[in-house]
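Asker:
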Amino acid sequence: MTKFIFVTGGVVSSLGKGITAASLGRLLKNRGLSIAIQKFDPYINVDPGTMSPYQHGEVFVTDDGAETDLDLGHYERFVDINLNKNSNVTTGKVYDCVLKKERRGDYLGGTVQVIPHITNEIKERIFQVAKESNPDVVITEIGGTVGDIESLPFLEAIRQIKGDIGRENTLYVHVTLVPFLRAAGEAKTKPTQHSVKELRSIGIQPDIIVCRSEMPISREMEEKIALFCDIDKDAVIQVVDAESIYEVPLTLKEQGLDDIVVERLGLKCSEPDLSDWKRIVDKIKNPKYCLTIALVGKYVELQDAYLSVGESLRHAGIYHESKINIKWVYSADLTPENLGEYLCGVDGILVPGGFGDRGIEGKILAAQYARENKIPFLGICLGMQLAVVEFSRFVANLEGANSSEFDENTPYPVIDLLPEQKRVEHKGGTMRLGAYPCRLVKDSKAYQAFQKDQVWERHRHRYEFNNDYREVLTAKGMKISGTSPDGRLVEIVELIDHPWFVGCQFHPEFKSRPDRPHPLFREFVGASLKRKLK
C-alpha cells in the first residue's frame, strides 16, 4: 500500500519546507522507492498564473501546462521526476471544484460545509496522486504556517487521513524555526514548542521535527525539543543554513531522516547510494573557474521570480566546474549612456521572460550590447522576442520595429499575438502552456546543444515571432534554428556571425537538473567560459 508523508511548517514562512520535502524525496528515491510529490497552497487564487511575481515569485510550468508554485521546481530538480496539474492544489481550485459539484446537484440538496465537503475534496486530491502512478510514497507539503486560518481545512484533511488509512501508513514531518539570539548567545526552542502545541491542538502529532537554524543547536536542546514535543530524540533533525540547497539531502541523511521514515512506515528498501549527489556538492564547493552572468530582468528585486533560471545557471556551472555569480540588473535602469557601466566585464548576458512594457527598452539595449560586443547571450521567451526586435531595428533597419504587445501601432510588428490568442477573453490559464515539440535545424548552435532532430520544451506565452518578417531577418544574418514540426511557429533563433547568441521562445529552465543541465544553459555557460579563458 502507498504510504503518505505530510510536511507542515511552523513559526514563520520561507523556512524551506519545499527543500525538506524535495530532499526527503531524493533520499527515498535513491533507496529504490517510487515517489510522488505534491503541494497544497492555501491562497484562494485558482493558480498562481495571474499573480504578480513580486508577491508569488516564479510560476513553474509543468509538461501538461499547469501553472504552479515554484516549489514544484525544487521537487522536479531534486527528485528528477516530471509533475503534473495534480501536483499543485490551491484553496481556490478546491472551492471551485466543490461549487461546481454543488451547482450540478452532486450533493443531493445537502448543506455544503468545510467539513466534510471541502476536506473530502482535499483528501481526494491527495489520493488521486497515489492512484495515478501507484507510488511507494506520496509526499504532500502543506503551504503556509500552522496557525494560519487559510491552512486549517488542509490540516484537518491530513489529520483525517491517519484515521482513514491507519497510523502505520502516515507520517507527519514538521519544519520549524529555532532562532539564534546573538545578544543572548543562544538558540531558543520556545517558538518550536508553541508551534507543535498549535499543531497538536488541531489533532496532529508530528513524528519528526526538522529544526531550521543559522547555528548548530546542542544535543541538550534537541532533547528538550523531544521532551516538550513528545517525539523520539533521534527524530529531532537540525538543518543549519547551507552554502547550497543541494547539501540538504546529505545533511538529512547524516542525521538518519530517511532511516526513521523507512522504519516508521515499514518500507522495504535498500540503503541509498548518494555518490552522484556527493559529486555534485563537491563540484559546487570546489569550482575551478568563476563566471559572472548578467541577468537583465524587471523583477530582480525579488530573485525568486527567476528561481529556475538561477538554478539552471548553477547546474551548467556544476557541469563546467564553474561558480556562477549572477549580476542582477534591473532592466529599467539601463540607458544607452550607462549600458557599458552595468554590463562591462560580464562573461555572459541572459534576458529572461516577463510581461508588461516596463523595462523593455533596457532589455533591448542588453541584447544590443551582447550582439555588438560578441558576448554570449541567451534570451528566454520575452528575452528572445526582444532580441528579435533589437536585430530588426539595428541590423535589418526596420526603424520602429516592436512587439504588438507593447506598441499596437508599430510599423513593423516583428512579434505579434498568436492567432488563436486573439479570441481569448480571460487571462487565467489561457496562454500557450506546457510542453510542445520543436524541430531543430542541423548545422545550428541549437542542434549542436541538443544533438537531436526534435525536442519537447515547456512554453508560457501569447506572442510569437511574426512570420511576415522571416525572409527579411534571415537575409540579414538571423538563423531560425528551431520551429514547430509544421514549421509555422518559430521556437529558436540565433545569429550567424556571433560566437553564441541564441533566443528561445520556450522556457528551458523548467527542464534543467543538477546532474543534467539543460543543453541551452550548458552551452551558454560553456561559451561564456570559453570567452573568459581566451
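Per this note's numbering, the sequence shown starts with residue 24, numbered consecutively. The C-beta atom is built at its ideal place from N, Cα and C for all residues, glycine as well.
Could you tell me whether the segment 245-262 touches the segment 274-288, where touching means 3 or more Cβ pairs closer than 8 Å?
Answerer: yes
Asker: From I188 to R223, what distance separates their C-alpha atoms?
Answerer: One-based indexing of the sequence shown puts residue 188 at position 165. One-based indexing of the sequence shown puts residue 223 at position 200. Their Cα atoms are separated by approximately 20 Å.
Asker: Output needed for R287: all residues of its chain with C-beta closer than 7 Å, excluding positions within five of it in sequence on either side, in chain order.
Answerer: One-based indexing of the sequence shown puts residue 287 at position 264. Closer than 7 Å at the Cβ level, and outside the excluded window around R287, lie L194, D230.
Asker: Nearest to I60 by alpha carbon, out of E344, V160, A207, L373?
Answerer: In the sequence shown, residue 60 corresponds to position 37, counting from 1. Ranked by Cα distance from I60, the options E344, V160, A207, L373 are led by V160.
Asker: Over what stretch of residues does the alpha helix (DSSP H) that includes Y98 continue unbroken?
Answerer: Within the sequence shown, residue 98 is the residue found at index 75, counting from 1. Y98: member of the alpha helix (DSSP H) spanning 94-102, first to last residue.
Asker: Name the two residues that bound the continuous alpha helix (DSSP H) containing D119.
Answerer: Taking the first residue of the sequence shown as position 1, residue 119 is located at position 96. Taken as a continuous stretch (DSSP letters only), the alpha helix (DSSP H) holding D119 covers 114-127.
Asker: DSSP beta-bridge partners for G457?
Answerer: One-based indexing of the sequence shown puts residue 457 at position 434. H482.
Asker: Which stretch, first to last residue, makes up the beta strand (DSSP E) that contains S345?
Answerer: Position 322 of the sequence shown, counted from the start, is the residue given in the question as residue 345. Per DSSP, S345 belongs to the beta strand (DSSP E) from 345-353.
Asker: Nearest-angstrom Cα distance between R455 and H530?
Answerer: On the sequence shown, residue 455 is found 432 positions in, with the first residue counted as 1. On the sequence shown, residue 530 is found 507 positions in, with the first residue counted as 1. A direct Cα-to-Cα measurement between R455 and H530 gives close to 12 Å.
Asker: Quick check: the segment 382-395 against the segment 351-369, are at least 3 beta-carbon pairs closer than 8 Å?
Answerer: yes
Asker: Under DSSP, the alpha helix (DSSP H) around K213 begins and ends at which residues?
Answerer: What you label residue 213 is simply residue 190 of the sequence shown in a count that begins at 1. Unbroken alpha helix (DSSP H) run through K213: 213-225.
Asker: Taking buried to mean at least 16 other C-beta atoms within 10 Å of its own C-beta, is W479 buried or exposed?
Answerer: Reading the sequence shown from its first residue, position 456 is the one you call residue 479. Result: exposed.
Asker: Short of 8 Å in beta carbon distance, which residues of its chain neighbour D380, apart from the five on each side in sequence? Order them along the chain.
Answerer: The residue given as residue 380 occupies position 357 in the sequence shown. Answer for D380: E428, F429, listed in chain order.
Asker: To the nearest angstrom, how far is it from the Cα of I181 to the Cα of N53?
Answerer: Position 158 of the sequence shown, counted from the start, is the residue given in the question as residue 181. Position 30 of the sequence shown, counted from the start, is the residue given in the question as residue 53. Cα-Cα distance, rounded: 26 Å.
Asker: With a cut-off of 8 Å on the beta carbons, I'd call Q391 and E360 a contact; round off their distance for me.
Answerer: Here the question's residue 391 lines up with position 368 in the sequence shown. Here the question's residue 360 lines up with position 337 in the sequence shown. About 14 Å separates the Cβ atoms of Q391 and E360, ruling out a contact at the 8 Å cut-off.
Asker: Measuring straight from C-alpha to C-alpha, what distance separates V117 and L131?
Answerer: The sequence position of residue 117 within the sequence shown is 94, counting from 1. The sequence position of residue 131 within the sequence shown is 108, counting from 1. Distance between the alpha carbons of V117 and L131: 19 Å.
Asker: To the nearest angstrom, report how far apart N432 and A45 are at their CA atoms.
Answerer: In the sequence shown, residue 432 corresponds to position 409, counting from 1. In the sequence shown, residue 45 corresponds to position 22, counting from 1. In a straight line, the C-alpha of N432 is about 48 Å away from that of A45.
Asker: With distances taken from CA atoms, which of Y329, S467, Y486, H197 is nearest M407?
Answerer: Looking up residue 407 in the sequence shown gives position 384. Looking at the Cα atoms, Y486 is the closest of the given residues.
Asker: For the alpha helix (DSSP H) holding V285, just list the boundary residues, first then last.
Answerer: The residue labelled residue 285 in the question sits at position 262 within the sequence shown. Residues 280-288.
Asker: Can you tell me whether L556 is buried or exposed, with buried defined as 16 or more other CB within 10 angstroms of its CB?
Answerer: Translated into the one-based positions of the sequence shown, residue 556 becomes position 533. That one is exposed.
Asker: Between the segment 499-509 and the segment 466-478, are three or more C-beta pairs nearer than 8 Å?
Answerer: yes
Asker: From this set, D86, I248, G72, which residue's C-alpha is nearest Q216's C-alpha?
Answerer: Taking the sequence shown and counting its residues from 1, one reaches residue 216 at position 193. The shortest Cα separation from Q216 among D86, I248, G72 belongs to I248.
Asker: Would you tell me roughly how many angstroms separate the C-alpha atoms of Q477 and G289, rounded to the nearest one?
Answerer: Start at 1 with the first residue of the sequence shown, and residue 477 comes out as number 454. Start at 1 with the first residue of the sequence shown, and residue 289 comes out as number 266. If you take the alpha carbons of Q477 and G289, they lie about 44 Å apart.
Asker: Given a threshold of 16 other Cβ atoms within 10 Å of its Cβ, counted over all protein chains shown, does G208 qualify as buried or as exposed?
Answerer: What you label residue 208 is simply residue 185 of the sequence shown in a count that begins at 1. The residue is exposed, with fewer than 16 neighbouring Cβ atoms inside 10 Å.
Asker: Can you have a look at R394 and say buried or exposed, based on whether 16 or more other CB atoms are within 10 angstroms of its CB?
Answerer: In the sequence shown, the residue the question calls residue 394 occupies position 371. Per the 10 Å Cβ criterion, buried.
Asker: Compute the Euclidean distance between the alpha carbons of L325 and K350, then round it to the nearest angstrom.
Answerer: Against the sequence shown, residue 325 aligns to sequence position 302. Against the sequence shown, residue 350 aligns to sequence position 327. Each residue's Cα considered, the two are about 13 Å apart.
Asker: According to DSSP, is Y322 part of a helix, a strand, or is it coil?
Answerer: Here residue 322 corresponds to residue number 299 of the sequence shown, with the count starting at 1. In the structure shown, the three-state DSSP call for Y322 is coil.
Asker: Would you call the CB atoms of F533 and S331 closer than 8 Å?
Answerer: Residue 533 sits at position 510 when you count from the first residue of the sequence shown. Residue 331 sits at position 308 when you count from the first residue of the sequence shown. Yes, Cβ-Cβ distance for F533 and S331 is below 8 Å.
Asker: Determine the burial state of E334: buried for a count of at least 16 other Cβ atoms within 10 Å of its Cβ, exposed for fewer.
Answerer: If you number the sequence shown from 1, residue 334 lands on position 311. Classification for E334: buried.
Asker: If you follow the alpha helix (DSSP H) that A59 is in, where does it begin and where does it stop?
Answerer: Here the question's residue 59 lines up with position 36 in the sequence shown. A59 -> not in any alpha helix (DSSP H); beta strand (DSSP E) instead, spanning 58-64.
Asker: For the 8 Å Cβ check, are there 3 or more pairs between the segment 104-111 and the segment 538-546?
Answerer: Counting Cβ pairs under 8 Å, fewer than three are found: no touch.
Asker: Of the choices A210, G423, F63, K321, whose alpha-carbon is the least far from that of V152?
Answerer: Sequence index remark: in the sequence shown, residue 152 carries index 129 (1-based). When each option's Cα is compared against that of V152, the closest is F63.
Asker: If you pair each beta-carbon of the segment 28-42 with each one of the segment 91-99, do three or more pairs fall below 8 Å?
Answerer: yes
Asker: Which runs of the alpha helix (DSSP H) fall wholly inside the segment 480-518 and span at least 4 residues, in chain order?
Answerer: DSSP runs (the alpha helix (DSSP H)) wholly in the segment 480-518: 493-498.
Asker: Is DSSP giving R49 helix, strand or coil here?
Answerer: Working through the sequence shown from its first residue, we reach residue 49 at position 26. Helix at R49.
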